[in-house]
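Numbering (my numbering), first residue to last: 212 to 593. Ideal Cβ positions, reconstructed from N, Cα and C, are used throughout, including at glycine. Predicted model only: the values in this text are computed from it and were never measured.
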Amino acid sequence: MSATLFYDIGLLFTSDRDREEIAKAAVVVEGAEIAWVGEAARAPAADHRIDARGRAVIPGFVDSHAHLVFAGDRTAEFAARMAGERYTAGGIRTTVAATRAATTPELAARTAGLVHEMTGQGTTTVEIKSGYGLTTGDEKRSLEVARAFTEESTFLGAHVVPPGTDADEYTRLVAGPMLAACAPYAKWIDVFCERGAFDEAQSREILSAGKAAGLGVRVHANQLGEGPGVRLACELGAASADHCTHLTREDVGMLADAGVVATLLPGAEFSTRSPYPEARRLLDAGVTVALATDCNPGSSFTSSMPFCVALAVREMGMTPAEAVRAATAGGAAALRRADVGVIRPGARADLVILEAASYVHLAYRPGVPLVTQVWQSGRRVV
Ligand code: NIG
Ligand code: FE
């Protein structure tokens, strides 16, 4: 197998806690995997050479929370919010109507466009949820579309209760026939456990059914207010509780004890003009934190992990190292993946070269397109 040496890396950020930063570094890639990491002076010989020209290298971002299968947009809702209206998640129904009306090729093309945007900004692993179909047929086709782009597909039939439907009846549909039709196309099950969406009993019924069908559990929890979401995620052994914007002291303790990742989505707070989650409190309690975009047309229409890193540093008290770690290894933990989000021998060769001397520039130079090369599974994609 041919080997490629990435040399003259000014500063390597590995997201590997054993050796997180290496100055004057090199990385050797063999096929789709990383074969060697260390100081450039000790690097082994290789068939091909890539000159990093003193720039910084980080792992490809792992965006562990995204809603990419949808049609339409909600520009007017965003503009109204910036003029003072509150986000209620009621607009989900607007996107559901547009998504149902779209053809499958249209949905696939929109999804491809967003994945392309993400790749250009350094994302090499993305989770994609359904949740804008809300009928058995529309949820299944959303997952079929998602599956064409990622192995991390999530069944979110329990996003909201469709208009004109009884909530308990819809819960039985999601936990029964809809799950049976969708499970073959999903790795994960998710529920929007929130006042106005699904309550504790309904969420438990759906998540438990998903778990029994072999899906991993993740939960939209405590986004708009305190509630049972985090507790439920911990009780059911979820990989991740997502949003975590409104947490009690008990919630923080439970996340730490249960080893459930807290996935923070600052793009949502930015776009809904809400208080940011308290990352510092979670980190200090020993909770593993992930950062993700929550890319969706309503609450967070950004595809940019660098933007989320900048927000986490500026607004959430995370250090640049914590933020980049959360956006890479943290996301991998939220997806229970050991092979991505880290630069270490044996990991998938997902590397991002930044047009900067340090990963700190992701926060220091917000909005600047610093991602200059992206390598995914050992192949250059940007
Ligand atoms: O994660 N909170 C629920 N779902 C999305 C928002 C979806 C929408 O507004 O369309 C979220 O923020
Ligand atoms: Fe979400």
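(request) May I ask you to check if the CB of S485 is nearer than 8 Å to at least one heavy atom of ligand 2? (result) no
(message) Distance check for D227 and E489, CA to CA, integer angstroms please.
(response) 24 Å
(message) Bridge partners for P215 per DSSP, in chain order?
(response) A small fix is needed here, since residue 215 is Thr in this sequence, not Pro. DSSP lists V240, H259 as partners of T215.
(request) Have a look at I261 and F217 and give me their C-alpha separation to the nearest angstrom. (result) 5 Å
(message) Give me the DSSP bridge partner(s) of P270.
(response) L562
(message) Given 8 Å as the limit, tell me if D453 has its C-beta closer than that to any heavy atom belonging to ligand 1.
(response) yes
(request) Kindly indicate the opening and closing residues of the alpha helix (DSSP H) around S353. (result) 347 to 358
(request) Could you pull out every residue in the same chain whose Cβ sits closer than 6 Å to the Cβ of V371, ignoring the five residues on either side in sequence? (result) I303, A408
(request) Quick one: residues in its chain with C-beta nearer than 7 Å to the C-beta of D453, no 5 flanking neighbours on either side, listed in chain order? (result) H276, R429, V430, H431, A432, T474, L476
(message) Taking a contact to mean a Cβ-Cβ separation below 9 Å, would you say Y396 touches L345 in this structure?
(response) no
(request) Starting from the N-terminal side, write out each stretch of the beta strand (DSSP E) that is 3 residues or longer and does not extend beyond the segment 515 to 579. (result) 562 to 565
(message) The alpha helix (DSSP H) that contains L458, what's its start and end?
(response) Where L458 is concerned, there is no enclosing alpha helix (DSSP H), given that its DSSP letter is neither H nor E.
(request) Would you check if the segment 272 to 291 and the segment 235 to 244 touch, i.e. whether three or more CB-CB distances between them fall below 8 Å? (result) no
(message) Can you list, in chain order, the residues of its chain with a C-beta nearer than 6 Å to that of A234? Leave out the 5 residues immediately preceding and following it.
(response) L222
(request) Report the option in I220, A359, T330, A479 whose CA atom is closest to the CA atom of N507. (result) A479
(message) Check whether the segment 504 to 523 and the segment 549 to 556 touch, using three or more Cβ-Cβ pairs below 8 Å as the test.
(response) no
(request) Give the DSSP bridge partners of V585, in chain order. (result) V563
(request) Output the boundary residues of the alpha helix (DSSP H) element that contains F289. (result) 286 to 293
(request) Quick one: measure Cβ to Cβ for I269 and V535, integer angstroms, because I've assumed they're closer than 8 Å. (result) 6 Å
(message) So for H327, helix, strand or coil by DSSP?
(response) helix
(request) Give the straight-line distance between the Cα atoms of L367 and G342, rounded to the nearest whole angstrom. (result) 5 Å
(message) Does the distance between the C-beta of H276 and the nearest non-hydrogen atom of ligand 2 fall short of 8 Å?
(response) yes
(request) Work out the CA separation of G528 and L187 for me, nearest whole Å. (result) There is simply no residue 187 to check, as the chain begins at 212 and stops at 593 in what is shown.
(request) Please say whether V563 and T335 have beta carbons closer to each other than 9 Å? (result) yes
(request) Give the secondary structure of E411 by DSSP, where H, G and I count as helix, E and B as strand, and everything else as coil. (result) helix
(message) Using a Cβ-based criterion (distance less than 8 Å to any ligand heavy atom), does S510 qualify as near ligand 2?
(response) yes
(message) On a Cα-Cα basis, can you pick out the residue from A549, H572, G348 that is closest to A394?
(response) G348
(request) Determine the burial state of P374: buried for a count of at least 16 other Cβ atoms within 10 Å of its Cβ, exposed for fewer. (result) exposed
(request) Tell me whether N433 counts as near ligand 2, meaning its Cβ is closer than 8 Å to at least one heavy atom of that ligand. (result) no
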